[in-house]
Amino acid sequence: MMKSGTDLLRNWIPDFLLALALVLVPLILPRLGFAQDTINLVLVFGLFGIGFDLLFGYTGLLSFGQAAFFGTGGFVAAYLLVNLHFPSVVLALLIGTVAASIVGALAGLVALKRTGIYFAMITVSIAEMFFFLENSPLSAFTGGENGLAGVPAPKFYLGFTTVTVGPGWKMYAFLATFFFIGMVLARRIVTSSVGHVLVAIRDNALRAAAVGHNVKRYKLLVFVIAAAYAGLAGGLLGVMQGYMPPDAFTFDTSGQLVIQTVIGGLGTLFGPLVGAAVWLFLRDFLQGSLGLGAAWRLALGIIFVLLVCFLRRGVLGGLKDLVSHWRKPAHLASDAHATRAEPAPDAAVAVEPPAAAPRTRPNGTGRTEPILVASKLSKRFGGIVANADIDFSVEAGELRGIIGPNGAGKSTIFKMLTCDIASSSGSIVFQGQDVTRLDVTTVCQLGMSKSYQVNQLFNRLSVRENLTIAALARLRGAFRFDMLRSALKVPGLVEQVEETLSLVHLRERAEASVSELAYGEKRRLEIGLALATEPSLLLLDEPLAGMSPSERADTVKLLKSIRKGRTLIVIDHDMDAIFDLTERITVLSEGRILLEGNPDEIKGSSIVQEAYLGGVHE
Amino acid sequence: MFSWANLMSQMFNGLVLGALLALISSGLTIIYGTLGVLNLAHGALFMLGGYSGWVVYHATGSYVLAVASGSIFVMLVGIAMERGVIRFFYSRPPEDQILVTFGLGIVFVEAARAVFGSLSKTVSAPAWAEGITSLGFMMYPTYRLMAVGIVSLALLLFYIVLYRTRLGLIVRAGIEDSPMVDALGINVYRVFMVVFGIGAMAAGFAGIVNAPIAPITPGSGDDILIQAFVVVVIGGVGSFPGAILGGLVAGEILSITSMINPAYSQVMLFAVMTLVLVFRSRGLLGTAGRE
């Protein structure tokens with residue numbers, strides 16, 4: 002791990018380089034044919050795009066309605082300055098930003114009720130509604146189709162003289178200052194715990210919720226952040242032009258932002274800036290030098306389609322790929338080395354992993370108390386009864402197996418216990434607390450975690466990052482607002498991730514991306530994600546599914562080694578493994594509990610044989 | 100000012116607009132339901148239908164020919180889109196599909212602008228549908244009445260294809276469970292091409308039928324696209340009956356509100372969509388669980 006001194010340095014170097022670049026721009030870009038106004042507009046759209054990149058590039062939420070917040074921020078600031086003769090431009094900009102954030106929160110509450118294409122459609126519609134609101138019902142405030150003219154230039158009283166920020170390079174400096182602050186903040190957000198969770202939501206929102214993050218609130222948070230950036234940028238547009246145009250609210254504005262961000266490169270923060278530069282430069286170039294006139298948009302449209310088809314990661318993403326392509330040979334060699342150096346799972350199991358007793362939960366109970374009690378649990382899907390009157394209890398420290406023939410209702414009861422689906426009737430009590438109507442996130446925060454039958458990993462992240470996301474949920478709770486603090490500074494995080502890496506024998510593969518892992522390794526990471534939340538009760542849904550016999554044997558060993566200090570419930574088809582692993586088994590059949598007992602009792606039971614084979618002793 | 104005649108006439112306007120929206124949205128929703136692709140170029144296809152119909156109408160003077168060639172042209176554009184671009188995006192994330200159709204929409208709109216210019220084009224109603232018809236209680240433009248009939252026929256045809264043919268069966272099964280249809284040995288990809296063609300054709304057909312009612316401009320599909328989104332959200336994504344119901348609801352909201360205060364008509368439409376989302380987020384006739 003890095004020392005905090007160099008850490009600090011490393012944190013600030015990019016900021017310093019950015020400041021330097023912003024200072025150098027006026028010296029370089031005009032020589033490349035950029036007009037002054039174009040450069041200023043690039044900054045405004047670059048700032049607008051930082052928020053959008055956090056929303057789409059980092060969190061995966063594609064909004065086509067950012068114009069709503071751009072316009073709101075812009076018109077609130079312009080109205081304050083033009084009609085109310087507000088004395089301070091900066092203060093008006095900030096109020097505009099706050100207004101856009103509030104509007105963003107309200108819009109987010111509606112739009113975030115759905116995901117995917119619904120989300121895209123709803124954001125479009127909301128933005129369109131704002132456009133119409135601005136245009137007529139609110140035209141007394143906004144000037145309707147005329148917009149608001151006469152937005153004053155910012156003035157700063159410096160004690161001895163007053164500086165008026167007129168158009169040109171003074172305005173550039175004013176805009177660059179805001180861009181710089183916006184970028185520094187965004188970089189902090191990205192490296193913070195919140196930033197990690199956002200990326201986790203993009204990769205696998207289901208799992209992010211299951212390891213204990215309040216996905217809805219994080220989505221709303223990033224939506225509001227994006228709205229705030231949009232609002233500030235909108236205000237700056239009015240100040241820069243001395244005029245707030247009504248087309249800030251149009252679908253075209255939202256679309257242009259999307260296009261620029263994709264051209265520049267998603268998930269890079271600088272992408273929108275680069276994209277805006279490319280877009281506006283091409284506009285000037287195609288219109289002016291090539292004399293294309295209005296056809297410039299056609300040319301840009303074609304360029305955009307080609308980019309989406311062939312260079313999806315945009316200009317910056319493409320550059321990154323190119324750089325890593327050159328570095329690849331060295332990288333591959335070290336990778337191969339790492340694979341060779343990895344001890345065989347057998348050997349790793351022999352080395353006793355550091356005992357990682359889970360922390361006692363405040364509401365933890367003594368060992369002899371049942372940790373989980375389900376009573377009269379039933380689930381009906383329409384007319385079909387999946388489970389009926391399940392009475393089920395597990396002692397703390399137990400390793401319980403649940404078996405049953407296909408269709409016995411194993412999956413349904415598992416999903417009810419983990420609060421993935423609500424039961425039709427009955428109750429579940431976990432550590433003395435009624436969790437019947439709680440959701441996955443909340444029960445995970447209470448100490449009940451699970452692994453999935455089909456791997457649910459954060460596929461674009463490394464093994465270490467995967468476990469970091471799970472550990473953060475345990476250490477920070479379901480939601481926390483620590484956006485500007487590096488995730489590495491969360492106390493206990495590094496230790497907990499290292500501990501889990503050892504437990505599931507993935508220490509040597511910590512830096513590998515999930516896509517590079519072998520199937521068995523992915524299964525171990527799947528269990529690791531559940532373990533990293535330090536559960537007191539761990540539910541494993543078919544942990545042996547799809548494994549080769551030797552992988553099965555290793556996993557059984559792994560499960561035996563992690564049971565220390567934990568309670569485990571394992572559902573599986575593999576009867577031999579369950580008999581070997583558990584000391585108490587619940588047999589389900591046709592949605593009901595058939596029998597409960599130790600492996601020998603189960604093996605010898607004729608009722609169980611009958612359930613599986615259907616009438617052995619005729 | 101409020102009067103019963105005015106209200107009736109606005110309700111008829113709402114019916115015309117609603118029927119058109121229903122047809123356009125059916126295309127959008129069937130494409131999404133079957134292929135899983137949200138076609139942001141759908142509004143542009145509506146616009147292309149208008150222009151291609153206009154070209155044929157001016158060359159031949161025949162409304163029927165204009166409607167036929169306009170919709171066939173847009174169907175071919177749709178098929179070319181699917182074969183040339185969209186099919187490479189089935190395995191890519193939904194965001195990429197949205198981006199590429201968005202880009203194609205821009206290309207269509209700007210291509211139309213380059214060819215036809217920004218000024219609007221108008222198509223006059225055919226001779227057999229000119230003038231005004233008396234409905235007994237009020238007078239109403241004949242072509243608008245005809246338009247409702249024509250669009251209803253198209254919707255009926257759409258219904259027959261979807262619910263009475265083998266292709267329709269596959270499409271509806273595909274909306275329910277596309278991997279399963281694939282597993283049954285049906286060539287889903289050929290079905291995808293046909294569905295995209297039919298969906299595009301619905302938009303193109305509506306585009307040319309609408310031409311005598313509203314002038315054609317390169318941007319005339321933009322508002323239609325967004326209204327079709329609202330229709331689909333209100334009706335339920337992937338639901339053909341939902342698109343029809345949603346279309347009629349949206350058409351009436353727009354017309355009746357604009358009688359009371361035109362400034363609020365669009366706002367009211369989105370307000371209703373928000374209400375539907377809050378209280379019944381899968382849409383009026385949508386199936387639960389579909390995203």
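Protein chains in written order, with our numbering: chain A, 2 to 619; chain B, 100 to 390.
Ideal placement from N, C-alpha and C gives every residue a C-beta, glycine not left out.
Along the segment 93-121 of chain A, going in chain order, the ones with a CB nearer than 7 Å to a CB of chain B are 111, 114, 115, 116, 117, 118, 119 and 121.
Under the DSSP assignment, residue 144 of chain A falls outside any beta strand (DSSP E); it carries neither an H nor an E label. Within the segment 366-436 of chain A, the complete alpha helix (DSSP H) runs of at least 4 residues fall at 411-418. Judged by DSSP in its simplified three-state form, residue 114 of chain A adopts coil rather than helix or strand.
In chain order, 184, 187 and 199 make up the part of chain B whose C-beta sits under 8 Å from the C-beta of residue 310 of chain A. Within the segment 216-297 of chain B, the beta strand (DSSP E) runs of at least 3 residues that lie entirely inside it are, in chain order, 231-233 and 238-240. Contact annotation: in the segment 332-351 of chain B, residues whose CB is within less than 8 Å of a CB in chain A are 332 and 336.
Of the residues assessed, residue 465 of chain A falls on the buried side of the cut-off, its CB having 16 or more other CB atoms within 10 angstroms. Between residue 298 of chain B and chain A, the shortest Cβ-Cβ separation is not below 8 Å. The beta carbon of residue 193 of chain B sits closer than 8 Å to some beta carbon of chain A.
At a C-beta separation below 7 Å, residue 321 of chain B has these neighbours in chain A: 252.
In the same chain as residue 308 of chain A, and ignoring 5 residues on each side of it, the C-beta atoms closer than 8 Å to its own belong to 263, 264 and 315, in chain order.
Non-local beta-carbon contacts of residue 133 of chain B in its own chain, meaning distances under 8 Å to residues more than five positions away in sequence, involve 270, 273, 274, 277, 290, 291 and 294 in chain order. The beta carbon of residue 298 of chain A falls within 8 Å of a beta carbon belonging to chain B, placing the residue at that interface.
With contacts defined as CB atoms closer than 8 Å, residue 55 of chain A and residue 201 of chain A fail to qualify as a contacting pair. If you check the CB distance, residue 332 of chain B and residue 372 of chain B come in under 8 Å.
By the beta-carbon neighbour count (other beta carbons within 10 angstroms, threshold 16), residue 543 of chain A is buried. Looking at the DSSP output, residue 451 of chain A shares a beta bridge with A/540. For residue 594 of chain A, the three-state secondary structure derived from DSSP is strand.
Between the segment 602-611 of chain A and the segment 104-117 of chain B, the count of Cβ pairs shorter than 8 Å is below three; the stretches do not touch. Closest in C-alpha terms to residue 153 of chain B, from the list B/360, B/173, B/327 and B/357, comes B/173. By a beta-carbon distance limit of 8 Å, residue 120 of chain B contacts residue 349 of chain B. Their separation comes to about 5 Å. The C-beta of residue 369 of chain B comes closer than 8 Å to at least one C-beta of chain A. In the DSSP annotation of this structure, residue 572 of chain A is not part of any alpha helix (DSSP H); the continuous beta strand (DSSP E) holding it starts and ends at 568-572.
Closer than 9 Å at the C-beta level to chain A, one finds these residues of the segment 206-233 of chain B: 206, 207, 208, 209, 210, 212, 213, 216 and 217.
Counting other Cβ atoms within 10 Å of its Cβ, residue 578 of chain A reaches 16 or more and is therefore classed as buried.
In the three-state reduction of the DSSP assignment, residue 372 of chain B falls in the helix class, which pools H, G and I. The beta carbon of residue 202 of chain B falls within 8 Å of a beta carbon belonging to chain A, placing the residue at that interface. Taken in chain order, the members of the segment 249-280 of chain A whose beta-carbon sits within less than 8 Å of a beta-carbon on chain B are 252, 256, 259, 260 and 263. Here DSSP, grouped into helix, strand and coil, assigns residue 130 of chain A to helix. Per the C-alpha coordinates, the member of A/23, A/412, A/568 and A/584 positioned closest to residue 574 of chain A is A/412. Taking every protein chain shown into account, the CB of residue 280 of chain A has 16 or more other CB atoms within 10 angstroms, so this residue is buried. What residue 353 of chain B touches in chain A, judged by beta-carbon distance under 8 Å, is nothing: the nearest beta carbon there is about 11 Å away. Residues of the segment 130-162 of chain A that bring their beta carbon within less than 7 Å of a beta carbon in chain B comprise 130, 133, 134, 137 and 138, in sequence order. Membership of residue 166 of chain A in any beta strand (DSSP E) is not indicated, and neither H nor E is assigned to it by DSSP. Inter-residue distance for residue 207 of chain B and residue 512 of chain A is about 45 Å (C-alpha atoms, whole angstroms).
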